[in-house]
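J.: Can you read through this structure? Questions will come right after.
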Amino acid sequence: MCRQLRVTRALLRHQKSQQLQSRSRSRPQQRRRTRRRRRCQRSQKHHRWKSSFRFRFRTTSAQRQHQRHRQHLRQRQRRNGARYAADH
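Mapped onto the UniProt record's numbering, the consecutive letters of the sequence shown carry residue numbers 1 to 88.
See below:
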């Protein structure tokens with residue numbers, strides 16, 4: 001099944017490349033312009049903090065509060081003899 005898909009994909013790719021070659025043979029004067037990247041012109045210093053890793057994976061105060069609460073509950077339960085995960 002997977003092999004069949006791979007074969008058909010390869011065939012499609014081959015046909016597409018053939019089409020491209022024939023097109024370039026018919027009209028060689030028109031060149032495709034590649035879009036210029038403007039990445040290095042912009043200064044690297046002005047970094048968007050919203051797209052930063054630390055912002056995306058930050059711990060919010062609510063999460064911290066939740067964790068503290070759970071920890072507190074666990075301590076209370078541990079004092080009452082809960083030692084394993086099944087006891088909580």
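Glycine is no exception: its CB is placed at the ideal position from the N, C-alpha and C atoms.
Rounded to the nearest angstrom, how far is the Cβ of Q77 from that of H88, given a contact under 8 Å?
T.: At roughly 6 Å, the Cβ-Cβ gap stays under 8 Å, so Q77 and H88 are in contact.
J.: Check whether the Cβ atoms of S57 and W49 lie closer than 8 Å to each other.
T.: It is worth fixing the name first, because residue 57 is Phe in this sequence and not Ser. The answer is no: Cβ separation not under 8 Å.
J.: Once DSSP output is grouped into helix, strand and coil, what is the label at H14?
T.: Of the three classes helix, strand and coil, the one that applies to H14 here is helix, per DSSP.
J.: Alpha helix (DSSP H) containing F57: first to last residue?
T.: Where F57 is concerned, there is no enclosing alpha helix (DSSP H), given that its DSSP letter is neither H nor E.
J.: In angstroms with no decimal places, state the Cα-to-Cα distance between K16 and R9.
T.: Computed Cα separation, rounded: 10 Å.
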